[in-house]
Structures are given as structure tokens and as C-alpha cells.
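Here's the structure, in C-alpha cells; my notes come after.
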Amino acid sequence: MNIFISGGAGYIGSTAAAALLRAGHSVTVYDSLIKGHHQSIPPQARFILADLADIETLSASLLSDSYDAVMHFAAFIEAGESMVDPGRFFRNNFSNSIHLIDAVAKAGIPRFVFSSTAGVYASCDDPIREGSLLGPASVYGQTKLMVEQALGWYRRVYGLKTAVLRYFNAAGAEGDRGEAHEPESHLIPLVLKVALGQRPDIKIFGTDYPTPDGTNIRDYIHISDLVSAHLLALEALENRDDLLYNLGNGAGYSVREVIDTARRVTGHRIPAVENPRRLGDAPRLVASSEKIRKELGWQPKHPALEEIITSAWDWHQRYPDGYQN
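The sequence shown begins at 14 in our numbering and counts up by one.
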């Protein structure tokens with residue numbers, strides 16, 4: 014297939030682009046490089062440097078070739094920041110997504126795979142299933158839910174085949190591609206920066222959650238397992254027109270568990286400093302992936318937290334300054 018990837022210079026998008034190319038597909042990456050890295054784009058991919066807000070360039074790009082599908086990864090991802098500057102997130106994550114979806118539908122491209130989040134759900138003590146209660150705790154999660162809802166209408170009006178994948182905390186590294194955000198807001202790379210001597214400590218936001226150790230609990234999924242699920246969903250759209258799947262390990266790990274595991278993996282002390290809770294952080298978000306396992310045969314190859322952190326640590330040691338090396 015010929016695939017158009019928005020946000021293909023980002024952490025997940027570039028890993029997906031590389032996996033698609035290995036599988037024999039053609040790939041075009043569309044990215045503004047506001048958050049992404051040119052170095053992460055596979056050299057075999059065609060690259061268009063542009064913003065989704067540039068509707069004229071976006072529409073022309075989608076019409077410039079015969080695309081079989083669009084995979085949409087472009088978004089701001091910092092839940093905490095979304096609670097400080099909500100307008101920025103509504104404009105980029107929602108409005109720009111509508112620009113893309115509308116242009117895709119009008120170009121007659123039949124398939125759309127959307128990278129969503131388990132942050133659309135309300136906090137829950139049990140593993141979250143696709144029918145669980147919705148209730149975003151942040152503007153970030155709200156923007157993703159709004160895009161999902163818009164996709165439902167475009168499916169009804171235009172017959173656009175859609176796959177929505179809800180996951181929380183992609184982590185780890187795959188080959189030469191690892192997690193390097195600026196600014197960094199994700200726990201695992203932040204913890205590893207302490208081990209690298211680039212930060213004095215790791216901050217724990219909230220120690221009074223109703224969890225066994227008082228810190229909030231999150232799901233983690235290895236980047237290669239996440240991408241493999243996207244490729245399976247893309248293939249499944251050949252015969253189906255509406256897919257919704259959660260992706261996760263079904264267990265979940267607390268902030269303290271992540272820090273303790275990183276200490277074992279790196280051999281560093283990694284000082285931790287306790288702070289009050291942040292707005293937008295739910296106590297527990299763990300996604301059950303039973304449905305995609307049953308329907309598409311997806312099976313994570315790297316489910317263990319220690320394996321995920323080890324792959325990330327290997328990458329960060331090779332690229333201590335990220336893509337600035």
C-alpha cells in the first residue's frame with residue numbers, strides 16, 4: 014500500500030514509517046518538524062515539510078499521489094501543559110486533525126488510522142475496556158476524544174474506513190529510534206536523564222493517590238508492539254470499516270515502580286523528590302488489550318517493564334542528547 018503519515022518525524026510516527034517500509038509499503042511523511050526530528054525519518058520515505066494548518070499544501074499533498082491510507086500521529090502530547098494552555102491543544106490536536114480528515118475524505122482516500130489515547134477514559138481500578146466510561150482528565154485527552162467523534166461522522170457521511178487505537182505511554186526504543194521530546198514530559202526518559210547525569214532528580218507528582226504506594230498507575234507499551242498493532246489495524250481495514258482497540262499490557266505500573274526498575278536497569282541511585290499532584294493526572298489508567306488480541310491476533314513481544322526500560326536505556330546511552338548527536 015501507499016501510506017501517508019502525518020507526524021511521521023515523531024517518536025511513534027517515524028517508527029511506524031520504518032516498519033511500513035520494511036513490510037514493503039510506500040511511505041510519505043508529512044511533518045512540520047515543530048516537535049519531530051528530521052533525522053528520525055527513514056531515508057526511503059518521501060518527506061513533505063509542512064503544517065497541517067496549511068490547508069492548501071495539505072490538500073495538494075494528499076492529491077499528489079494515489080494513497081491507500083492515512084495514519085495520523087501528529088499531536089501535542091503533554092497532558093499537564095494542556096491544562097495550562099488549552100487553546101494551543103484544541104487548535105493543534107483538534108482543528109488540525111479536522112483539516113486532515115476533511116482533506117482525506119475529499120481526496121477519496123479510503124482508510125484512516127488514528128493514534129488516540131487511553132486518556133479519553135475516566136480513571137478506573139480495573140483494566141479499561143473499549144466500552145468503559147469515558148471521562149478525560151485533561152484537555153489533551155478531550156482533544157483526542159473529539160477527533161474520534163469527528164471520525165465517526167466522517168465515516169457515516171463519506172464512508173471513510175477508520176481505525177482508532179487508544180493507548181497510554183508508548184516507551185522503549187526500536188533500533189536507532191527512541192524517545193526524545195523537547196521539552197521532555199514522559200516519565201521513563203526523564204528518569205533515564207537522571208541516570209545520565211542530565212537532571213539532578215526525578216519528580217514524583219502526587220503521593221496521596223488511592224493506589225498501593227500512593228503514586229498514580231499507568232500502562233506502558235513497547236514502541237515496537239504499539240506499531241505492530243497499527244499495522245495490523247491498517248490491514249484489517251481492507252475488510253472492515255470501523256475499528257476501535259485499546260492497547261496495553263493490562264497490568265500497569267506505579268511511578269515508584271518505574272523509578273525502582275530504572276534504578277535496577279541503570280545501576281544508578283536516581284534521587285526522587287515528592288511534589289503535589291498535577292492537574293490532568295488520573296489516579297489509574299490501565300488499558301485492556303483483550304479485544305485486539307482476540308480479533309487481530311496481536312501479541313506484544315516486549316510486555317515486561319524491565320525490558321521496555323532496558324531498550325530505552327540502551328538508546329539513551331547511545332544518543333544522550335537525542336537527535337542532536
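For every residue, glycine included, the Cβ atom is placed at its ideal position computed from N, Cα and C.
Straight through space, the alpha carbons of residue 113 and residue 200 are spaced by roughly 30 Å.
DSSP, reduced to helix, strand and coil, places residue 106 within a helical segment of the structure shown. Listed in chain order, the non-local C-beta contacts of residue 284 below 6 Å within the same chain comprise 214, local neighbours out to five positions each way being set aside. According to DSSP, residue 41 shares a beta bridge with 17 and 59.
Approximately 15 Å separates the beta-carbon atoms of residue 129 and residue 150; this is outside 8 Å, ruling out the contact.
By DSSP's assignment, residue 187 forms a beta bridge with 190. Here residue 179 is buried: its Cβ has 16 or more other Cβ atoms, across all protein chains shown, within 10 Å. The distance from the Cβ of residue 86 to that of residue 47 is about 13 Å, inconsistent with a contact at the 8 Å cut-off.
For residue 222, same chain residues with a beta-carbon under 7 Å away, outside a window of 5 residues either side, are 228, 229 and 296 in chain order. Judged by pairs of C-beta atoms under 8 Å, the stretch 175-190 touches the stretch 321-329, as three or more such pairs exist.
Counting other Cβ atoms within 10 Å of its Cβ, residue 252 stays below 16 and is therefore classed as exposed. In terms of Cα proximity to residue 313, the closest of 260, 108 and 247 is 260. With contacts defined by Cβ atoms closer than 7 Å, residue 249 and residue 239 do not form a contacting pair. Your pair residue 254 and residue 142 does not check out as a contact, with CB atoms roughly 21 Å apart and the cut at 8 Å. Taking the C-beta atoms as reference points, residue 202 is found no nearer than 7 Å to residue 262.
Under the three-state reduction of DSSP output, residue 170 falls in the helix class. Of the residues 91, 19 and 49, the one whose Cα lies closest to the Cα of residue 111 is 19. With 16 or more other CB atoms across the displayed protein chains lying within 10 angstroms of its CB, residue 237 is buried. Note on geometry: alpha-carbon atoms of residue 231 and residue 334 lie some 26 Å from one another.
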